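Here is the structure we will look at, set down as C-alpha cells.
Number of protein chains: 2
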Amino acid sequence: MKLDKIDIKILNHLASDGRIGWRELADKVGLTLTPTLRRVRLLEERGYIQGYFARLDEARLAGELVVFVSVSMDKQEQEVLVNFEQRIAQVPEVMSCFLMTGDADYLLRVVVKDLHTYQSFLANTLTRIPGIAHIKSSFALKSVLSRTAPPL
Amino acid sequence: MKLDKIDIKILNHLASDGRIGWRELADKVGLTLTPTLRRVRLLEERGYIQGYFARLDEARLAGELVVFVSVSMDKQEQEVLVNFEQRIAQVPEVMSCFLMTGDADYLLRVVVKDLHTYQSFLANTLTRIPGIAHIKSSFALKSVLSRTAPPL
DNA sequence: ACTGAAAATAAATCGCA
DNA sequence: TGCGATTTATTTTCAGT
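Quick note, the sequences are listed as chains A and B, same order.
As numbered in my numbering, residues 1 to 152 make up the first sequence, in order.
As numbered in my numbering, residues 1 to 152 make up the second sequence, in order.
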C-alpha cells in the first residue's frame, strides 16, 4: 500500500486531534465523507493508525519525577534478557523501555511521585530482577518538548 | 478539584480508547450520559485530559532508527539554554527533549530513517546550535515497552 | 473511486429530582 | 450530582455517476 497526499493529511489531522469528526476531517482533506472514512478504516487496518488515546497529565496524575534509568545486564543471554523484559513490562512506573547498543543494555523512562517512591522502586522492584549488573539513574529537571506523532 | 473513583475510571478508559462513545463510556463507568459527559468536560478543562490523539506507526511512517542523544552545553547560562530549547523544538526529528541533571544537559529522543539521515541530522542541525560542548548518541535496538498513559 | 442523500446512531441540551 | 427525554448533529449506508 502506498500513501498519497490525502492519506498523509488524514494522518496528520488525526495525530493532532484524535476525536475530530469525520465530516470536519473530510472538509479539511478536501474529500467527502464516504471516501474519507474508507481511507481512515484502511489506515487503521493496515496498522498505520495504531489506535486513539486521550493524553493525560502525567505529572499531576502519576508523579512529578521523571527518571531515565540505564540498566546493564550481567550477560547478554537471551533467557536473561527476555526475563527482564517480561518483568519490566509489568511494572506500572515504567513508561517506556528500549533495548540499547553501547554500555547500557536497557534505557527506561520511569515516572514516580517523588524520590522516596523512586528509592522504593529501585529497592523493591528493579534490583530484584535477576541478571542486573549495574543501574544508573538520570533525573529530568523539566520536559522541554514532547511530540505525540512523528512529522510526515 | 479532587478526583473520585469514577473520574479515574473515565481517565483510564479514555487513555486506552480515545474514541470511545460517550454512551459506552457512561455504561462502563456506571453513570448515564449527562453526568459522564459533564465529568469529561471538567477533566478536559482542568487539564487532566490534555487532548486526544491518533497513535501512528512511528517506524513505518517516520523511520526505523531511534536514537537517544545526550547533549552537554558549554555553559549553563539561561540565554544559551533557552536558545537551544527553541531551536530544538523546531526540529521535526526530535520526538522528545528533557533537561537533565548530571553530566549531560539534555536528553533527546530522535527518530530518523537510517544512519545516513542521522549523520546529516547531526552535521546540519544539531551541531549548528550554539553552545553545545559534547554529544553522545545511543542507538535503540528495539522498543520493549511503550505506554501511552501512566497507571492511575 | 468519489458524490450526495437517506437512514441509523450518537452527542449535546434542558428541565427536574 | 445525577437522571431521562428532546433536540441537534454526526456517522453510516446505499444507489448513482
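The C-beta atom is built at its ideal place from N, Cα and C for all residues, glycine as well.
Note that the structure is a prediction, hence the values are computed from the model and not measured.
For residue i, the residue or residues it bridges with in DSSP
i	result
serine 96 (chain B)	A:Ser146 and B:Arg109
tyrosine 52 (chain A)	B:Ala54
lysine 136 (chain B)	B:Ser70
leucine 65 (chain B)	B:Val112
Per-residue burial, residue i [other beta carbons within 10 Å of its own, 16 or more giving buried]
i	result
alanine 54 (chain B)	buried
threonine 36 (chain A)	buried
methionine 100 (chain A)	buried
alanine 104 (chain B)	buried
Partner residues on chain B for residue i, Cβ-Cβ distance less than 8 Å
i	result
tyrosine 118 (chain A)	By Cβ distance, chain B contributes nothing, its closest Cβ being about 13 Å from tyrosine 118 (chain A), past 8 Å.
alanine 149 (chain A)	Phe53, Ala54, Arg55, Leu56 and Glu58
leucine 107 (chain A)	Phe68, Ser138 and Ala140
Short Cβ contact (7 Å threshold) for residue i with residue j
i	j	result
tyrosine 48 (chain B)	aspartate 57 (chain A)	yes
valine 110 (chain B)	alanine 62 (chain B)	no
histidine 13 (chain B)	leucine 25 (chain B)	yes
valine 71 (chain A)	tyrosine 106 (chain A)	yes
threonine 129 (chain B)	phenylalanine 84 (chain B)	In the sequence as presented, threonine is not what sits at residue 129 (chain B); that position holds isoleucine. Result yes, Cβ atoms of isoleucine 129 (chain B) and phenylalanine 84 (chain B) sit closer than 7 Å.
phenylalanine 121 (chain A)	glutamate 93 (chain A)	yes
alanine 15 (chain A)	alanine 149 (chain A)	yes
leucine 108 (chain A)	serine 96 (chain B)	no
arginine 23 (chain B)	leucine 33 (chain B)	yes
glycine 18 (chain A)	glycine 18 (chain B)	yes
Closer than 8 Å at the beta carbon, the chain A residues around residue i
i	result
valine 71 (chain B)	Chain A residues near valine 71 (chain B): none, gap ~11 Å exceeds 8 Å.
phenylalanine 98 (chain B)	Val66, Phe68, Ala140, Leu141, Lys142, Ser143 and Val144
valine 111 (chain B)	Pro150
alanine 89 (chain B)	Val144 and Leu145
Contacts of residue i in chain A (Cβ-Cβ under 9 Å)
i	result
alanine 133 (chain B)	Within chain A, no residue comes near alanine 133 (chain B); the closest Cβ sits about 17 Å away, beyond 9 Å.
alanine 26 (chain B)	Result: empty, since nearest Cβ-Cβ is about 16 Å, beyond 9 Å.
alanine 62 (chain B)	Ala149, Pro150, Pro151 and Leu152
leucine 14 (chain B)	Phe53, Ala54 and Leu56
Nearest neighbour of residue i, chosen from the options [CA to CA]
i	options	result
glutamine 86 (chain A)	A:Thr125, A:Thr34, A:Phe68 and A:Arg38	A:Thr125
aspartate 74 (chain B)	B:Arg23, B:Gly131 and B:Gln119	B:Gly131
leucine 81 (chain B)	A:Ser120, A:Leu141 and A:Met1	A:Leu141
arginine 46 (chain A)	A:Arg60, A:Leu145 and A:Asp7	A:Asp7
lysine 9 (chain B)	B:Phe98, B:Glu64, B:Val40 and B:Asp114	B:Val40
serine 143 (chain B)	A:Thr117, A:Asp103, A:Phe98 and A:Val29	A:Phe98
glutamate 44 (chain B)	B:Asp114, B:Leu3 and B:Asp27	B:Leu3
leucine 42 (chain A)	A:Val91, A:Thr127, A:Met1 and A:Leu115	A:Met1
proline 151 (chain A)	B:Val91, B:Ala123 and B:Ser138	B:Val91
glutamine 191 (chain A)	A:Gln119, A:Glu64 and A:Ala133	With chain A running from 1 to 152 in the structure shown, residue 191 (chain A) is simply not present.
glutamate 64 (chain A)	A:Ala89, A:His116, A:Gln50 and A:Lys28	A:His116
lysine 113 (chain B)	B:Phe139, B:Ile88 and B:Thr127	B:Phe139
alanine 89 (chain A)	B:Arg147, B:Tyr118, B:Val29 and B:Thr127	B:Arg147
glycine 102 (chain A)	B:Ser137, B:Val29 and B:Lys5	B:Ser137
Partner residues on chain A for residue i, Cβ-Cβ distance less than 7 Å
i	result
aspartate 4 (chain B)	Ordered by position in chain A, no residue passes the 7 Å Cβ test against aspartate 4 (chain B), which lies about 14 Å from the chain.
leucine 42 (chain B)	In chain order: nothing, as chain A lies at least about 13 Å away.
proline 92 (chain B)	Pro151
Interface partners of residue i on chain B, CB under 7 Å
i	result
arginine 19 (chain A)	Gly18, Arg19 and Tyr52
methionine 95 (chain A)	Arg147 and Pro150
isoleucine 129 (chain A)	Per Cβ cutoff of 7 Å: no residues; isoleucine 129 (chain A) is ~13 Å from chain B at best.
Within chain B, the residues that residue i reaches when beta carbons sit closer than 9 Å
i	result
glutamate 85 (chain A)	Val144 and Leu145
threonine 32 (chain A)	None at all; the shortest Cβ gap to chain B is about 21 Å.
leucine 11 (chain A)	Ala54, Leu56 and Leu61
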